[in-house]
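If you use the numbering used here, the sequence shown corresponds to residues 98 to 442, in order.
Everything below concerns the one structure shown next.
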Amino acid sequence: MKDIRSKDLKELEEIILGYGESKFRAKQLFEWLHKKMVGSYDEMKNLPQGLRQKLQADYPLVPLRIVEDLHSQLDGTIKYLFELPDSHIIESVLMRYKHGNSVCISSQVGCRMGCKFCASTLEGLVRPLTPGEMVGQIYAIQQDIGERISNIVIMGSGEPLEYLDITERFLTLINHEMGQNIGQRHITVSTCGLVPQIKELADKGMQINLALSLHATTDEKRKQIMPIAYRYSIQEVLEACQYYIDKTGRRVTFEYALIHGENDKEEDAKSLGKLLKGMLCHVNLIPVNKIEERNYESSKTSSIENFIRILESYHVPTTLRRTLGADIDAACGQLRRRYMKKRGE
Ligand code: SAH
């Protein structure tokens, strides 16, 4: 992989030594890339010019280009569209909370998981992002706003556990003490439920938060909205989550998009309560965001309130996701689609 931002320190050392330079140059390079987050070799003032030229020739450094940024007047949310070096478009969102700035990043261009309510998957997977493109979203946003980012959720387009090695490298880079040093407990990985990879992640001994997109309480219903349910049953998914909890001691979040008439009835809430009762977990209810291509409608306020009340009667901690950036269409792949249509794709 030619992407310099995806290299870990050891790989940078090998590159530097290969040029016949001293090893400490690798540390300097790593800091320029991941601490100071510069977008060109020219800015790396303490590296010899010859070295910078060689790097530029062998590992071109192309930062993500902001092609659009939409600012919410309601809550300071900023939605970014970035162009990648091969001209694909991805989106990321900055959300401002009392406890700090949080960024939602994409892990792939498109997605092949096929969830029926999701705009990111309508045309399948184009390609996974590199680890460097994943950190690049955070760096570009940090540079743009000039403020520190303290929390990261990998909840944008893509399935981050499909290529676990890529996500793991991303985690190593963003958590690195010589870079941004964002704590593992401040990072959340959201998955549609790839059972083997959940266990593999659990075995890595990290303190990453896991969010599991459940969205239904029976396999039959889940299959109707999430094709991945044909591969793994809810029981297998919950067992994998329990394994994750046992290994990491972290509380798992279950995401549940409330879709009017599909999964928001009293019986659904009861069945969810029964499934999760006693587990070290928390449910995050998301009123489904309507996408043009599908007919799903968000649940009515009364159904949402009822749903929460029932879950609470099972002592399952529940929160309703706050809608941020409601005025800028900040939801799930919609902005990208609109931009691509405009570009004629
Ligand atoms: N592939 C991963 C991460 C990306 S999706 C996953 O499935 O978790 C991030 C979250 O947004 C998931 O919970 C997903 O189900 C949810 N989501 C996607 N489209 C949505 C929509 N239109 N309305 C509400 N939530 C949606």
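We put the beta carbon where it would ideally sit given N, CA and C, even for glycine.
Since the model is a prediction, treat every value here as computed from it, not as a measurement.
In this structure, E256 has its beta carbon less than 8 Å from a heavy atom of the ligand SAH. For I388, the secondary structure class from DSSP, reduced to helix, strand or coil, is coil. In the structure shown, F127 adopts helical secondary structure according to DSSP, grouped into three states. The C-alpha of R433 is placed about 32 Å away from the C-alpha of D365.
Burial is judged here by how many other beta carbons sit within 10 angstroms of a residue's own beta carbon; L355 has at least 16 and is buried. Distances from the alpha-carbon of I113 to those of Y156, E140 and K133 put Y156 closest.
DSSP lists L167 and V190 as the bridge partner or partners of K176.
Around the Cβ of K104, a 10 Å sphere holds 16 or more other Cβ atoms; the residue is buried. Annotation: the segment 390-435 contains the following complete segments of the beta strand (DSSP E) (minimum length 3 residues), in chain order: 415-417. Look at G253: its beta carbon is less than 8 Å from one of the heavy atoms in the ligand SAH. Taking the CA atoms as reference points, M231 sits about 18 Å from E274. DSSP places Y353 in the uninterrupted beta strand (DSSP E) bounded by V349 to L355. Distance between R149 and E389, taken at the CA atoms: about 47 Å. Under the DSSP assignment, S287 falls in the beta strand (DSSP E) whose first and last residues are I284 to T288. In this structure, G229 keeps its C-beta atom at 9 Å or more from the C-beta atom of R122. The segment 416-423 makes contact with the segment 376-390: 3 or more CB pairs, one atom from each, lie closer than 8 Å.
Note on S410: under 16 other CB atoms within 10 angstroms of its CB, so exposed under the neighbour-count rule.
Distance from the C-beta of Y393 to the nearest heavy atom of the ligand SAH is below 8 Å.
If you check the CB distance, Y177 and Q153 do not come in under 9 Å. In this structure, P182 and G233 do not form a Cβ contact; the two beta carbons are roughly 10 Å apart against a cut-off of 8 Å. Remark: fewer than three beta-carbon pairs, one from each stretch, lie closer than 8 Å, so the segment 214-222 and the segment 262-281 are not flagged as touching.
If you check the C-beta of C338 against the ligand SAH, you find no heavy atom less than 8 Å away. Nearest C-alpha to R406 among I425, L369 and G375: L369.
Remark: three or more beta-carbon pairs, one from each stretch, lie closer than 8 Å, so the segment 329-346 and the segment 305-312 are flagged as touching. By the neighbour-count criterion, in which a residue is buried when 16 or more other Cβ atoms sit within 10 angstroms of its Cβ, R347 is buried. Annotation: the continuous alpha helix (DSSP H) that includes R149 extends over Q146 to D155. One Cα belongs to N278, the other to N272, and the distance between them is close to 4 Å. DSSP, read as helix, strand or coil, puts R122 in helix. In the structure shown, the three-state DSSP call for V223 is strand. Counting every other CB atom within 10 Å of its CB across the protein chains shown gives Q146 a total below 16, marking it as exposed. With a contact defined as Cβ atoms closer than 8 Å, L126 and L144 qualify at about 7 Å. Under the 10 Å beta carbon count, P293 is surrounded by fewer than 16 other beta carbons and is classified as exposed. Note on the segment 316-345: whole alpha helix (DSSP H) runs with a minimum of 4 residues are 316-322 and 331-345, in chain order. Buried is the label assigned to T264, since at least 16 other Cβ atoms lie within 10 Å of its Cβ. Residue pairing from DSSP places G207 in a beta bridge opposite L222. The beta-bridge partner set that DSSP reports for C212 is empty.
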